Amino acid sequence: MNKAIRLILALATALIAALAVTGANAQDMGNVVRNFYYIAADANGVQQVFQQNIGGDEQARQVTFSGEDVITYGASFDGLSIAYISGGQLWLQPIHSEDAEALTPLQGTRFYRSPIYSPDGDYIAVADAGILLVDLATRETRLLIADTALNPAGSNMPDVQIFTPDHFVRGADGSVDKLIVKIGIWEWQTAGILDLNSGALSMLAPQTHTRALAVYGGKVLLYGNSGMAGELSLELVEGFENLNDYTKVVSFADITFDSLFAEQAVEIHPGTVRIFGTALVVPLDKSYAFHFDADLMNGTVSNYTLLTLADDTTTNVVAGELSPDGAIVPLYVNALYSDMGSLYGQVSIIDLATGEALDVELPETVSVLRWQP
Numbered sequence: 008m009n010k011a012i013r014l015i016l017a018l019a020t021a022l023i024a025a026l027a028v029t030g031a032n033a034q035d036m037g038n039v040v041r042n043f044y045y046i047a048a049d050a051n052g053v054q055q056v057f058q059q060n061i062g063g064d065e066q067a068r069q070v071t072f073s074g075e076d077v078i079t080y081g082a083s084f085d086g087l088s089i090a091y092i093s094g095g096q097l098w099l100q101p102i103h104s105e106d107a108e109a110l111t112p113l114q115g116t117r118f119y120r121s122p123i124y125s126p127d128g129d130y131i132a133v134a135d136a137g138i139l140l141v142d143l144a145t146r147e148t149r150l151l152i153a154d155t156a157l158n159p160a161g162s163n164m165p166d167v168q169i170f171t172p173d174h175f176v177r178g179a180d181g182s183v184d185k186l187i188v189k190i191g192i193w194e195w196q197t198a199g200i201l202d203l204n205s206g207a208l209s210m211l212a213p214q215t216h217t218r219a220l221a222v223y224g225g226k227v228l229l230y231g232n233s234g235m236a237g238e239l240s241l242e243l244v245e246g247f248e249n250l251n252d253y254t255k256v257v258s259f260a261d262i263t264f265d266s267l268f269a270e271q272a273v274e275i276h277p278g279t280v281r282i283f284g285t286a287l288v289v290p291l292d293k294s295y296a297f298h299f300d301a302d303l304m305n306g307t308v309s310n311y312t313l314l315t316l317a318d319d320t321t322t323n324v325v326a327g328e329l330s331p332d333g334a335i336v337p338l339y340v341n342a343l344y345s346d347m348g349s350l351y352g353q354v355s356i357i358d359l360a361t362g363e364a365l366d367v368e369l370p371e372t373v374s375v376l377r378w379q380p
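Counting the sequence shown from 1 gives a position; the working numbering is that position plus 7.
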């Protein structure tokens with residue numbers, strides 16, 4: 008399929024997705040079908056990827072048939088395949104086939120991070136001592152950028168940089184030409200933009216924010232803070248050349264006296280993002296999440312809402328990944344982390360419009376629940 012046809016299909020897909028999101032926000036849950044995936048044990052006790060949906064038949068379907076546990080995975084935008092990691096290997100799994108294709112071996116032995124697809128379906132990026140880019144047309148793999156790992160003596164702590172792919176960015180011609188990355192540095196995480204053609208990296212100064220999100224109009228939203236550091240605000244960058252050339256658009260102090268820790272951002276309309284994270288609310292006898300919508304064009308905020316995660320602080324409840332339309336979120340109850348760094352537990356799926364759990368039947372233990380992009 009040539010680039011022009013792919014671009015037309017991508018634009019059509021984006022338009023359909025935008026209409027679906029608009030309908031979902033206008034009607035809350037409505038009749039929109041949302042596909043999602045998760046990892047759970049199969050009949051033999053092997054951790055596999057399953058596919059399920061909300062608003063459709065809601066029947067779980069096993070997608071992978073790996074001989075070893077699936078550690079993590081990423082889903083394609085067209086819904087036709089997933090890429091998963093198992094047995095020290097990156098695999099390509101068509102959704103409607105049991106046969107998986109080995110793409111490339113991986114060096115890592117712990118804390119595998121999820122592979123991601125480009126929106127046009129041309130590439131998969133995966134973290135492995137840096138970031139590998141797999142060209143799905145040729146099956147060729149190249150290293151985009153290498154990690155600077157901590158040496159055995161620990162003498163290079165200020166120089167440590169561990170790269171993880173976050174999401175691809177389309178250029179003016181519709182093809183992907185940049186990659187937003189997460190950068191692990193000593194006792195912090197920051198964000199960067201990697202140019203796929205030149206290899207140039209624009210890295211956000213440490214202790215500012217942890218995440219970056221490409222948004223409407225060729226801009227970048229900066230967000231993410233913690234109790235240790237980070238701006239209590241949202242910043243906006245015009246263009247992709249320099250992440251440190253930003254302007255403050257929202258201050259959390261103007262929203263609430265609660266302490267907000269922004270952890271996720273989803274663009275729910277062009278120029279409008281939903282911010283989600285945890286909140287410290289006095290008295291500190293419950294655990295809370297929060298969400299609000301920020302109009303980045305006008306610098307305004309609406310609908311600041313608290314969501315009770317647990318009625319006491321002894322129950323560990325961790326929010327998973329927001330749906331692409333920002334309408335629902337999975338909560339991991341009695342959440343734990345596996346030896347490979349994957350979050351798992353009992354999962355309930357919450358409608359943010361009502362704060363209520365949806366009636367979705369899931370296995371007792373689920374990990375890495377992700378939505379169809």
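Ideal Cβ placement from N, Cα and C applies to all residues, glycine included. All values reported here derive from a predicted model rather than from experimental measurement.
Burial state of residue i, where buried means 16 or more other Cβ atoms lie within 10 Å
i: V40; result: exposed
i: S205; result: exposed
i: T279; result: buried
i: D300; result: buried
i: K189; result: buried
i: W193; result: exposed
i: R281; result: buried
i: T71; result: buried
i: Q34; result: Only weak support exists for where Q34 lies, its pLDDT of 37 falling under 50; the coordinates are left without a value.
i: L405; result: The requested residue 405 is not part of the displayed model; the chain covers only 8 to 380.
i: T307; result: exposed
Residue i - DSSP class collapsed to helix/strand/coil
i: F283; result: strand
i: D129; result: coil
i: D154; result: coil
i: D319; result: coil
i: F43; result: strand
i: F259; result: helix
i: P101; result: strand
i: D142; result: strand
i: D166; result: helix
i: Y124; result: strand
i: T332; result: Just to set this straight, residue 332 is Asp in the shown sequence, not Thr. In the structure shown, D332 sits in coil (DSSP, three-state: anything other than H, G, I, E or B).
i: Y119; result: coil
i: Q96; result: strand
i: F175; result: strand
i: F247; result: coil
i: L343; result: strand
i: L369; result: coil
i: G137; result: strand
Contact set for residue i: own chain, Cβ-Cβ below 6 Å, skip 5 residues either direction
i: P122; result: G81, A90, I131 and V133
i: I169; result: D154 and G191
i: G178; result: D184
i: L287; result: S266
i: A107; result: W98 and Q100
i: V141; result: L110, I131 and T148
Per DSSP, the bridge partner or partners of residue i
i: M210; result: G199
i: N390; result: Residue 390 cannot be examined here, being either before or after the span of the chain that is shown, 8 to 380.
i: H298; result: F283 and T312
i: G225; result: According to DSSP, G225 bridges with nothing at all.
i: L113; result: DSSP output for L113 lists no bridge partner at all.
i: S374; result: I46 and Y351
i: G81; result: A90
i: A272; result: I282
i: L186; result: F175 and L201
i: D358; result: I335 and E363
i: E194; result: DSSP output for E194 lists no bridge partner at all.
i: L239; result: Beta-bridge pairing links L239 to no other residue.
i: T307; result: D302
Beta-carbon proximity list for residue i, same chain, < 7 Å, skipping 5 on both sides
i: A144; result: D129
i: E238; result: T215, H216 and N232
i: P380; result: A82, F84 and P331
i: D49; result: Q55 and Q69
i: A27; result: Note that A27 has pLDDT 39, beneath the 50 cutoff, so the model's placement of it is unreliable and the number below is only indicative. For A27, where only same-chain residues beyond five positions count, the Cβ hits under 7 Å are V39.
i: G95; result: P112 and L113
For residue i, the nearest candidate out of the options (CA to CA)
i: Q69; options: Y45, L343 and R146; result: Y45
i: G63; options: A334, T315, D366 and P172; result: D366
i: V273; options: V340, R218 and P213; result: R218
i: E371; options: M347, E363, N341 and S345; result: N341
i: N51; options: I356, F268, L186 and D76; result: D76
i: T315; options: Q66, A326, E65 and T197; result: A326
i: L211; options: L250, G137 and E242; result: L250
i: S258; options: E363, S349, L303 and I138; result: L303
CB contact check: residue i to chain B, cutoff 7 Å
i: T148; result: Within the model displayed, chain B is absent; a lone protein chain is all it includes.
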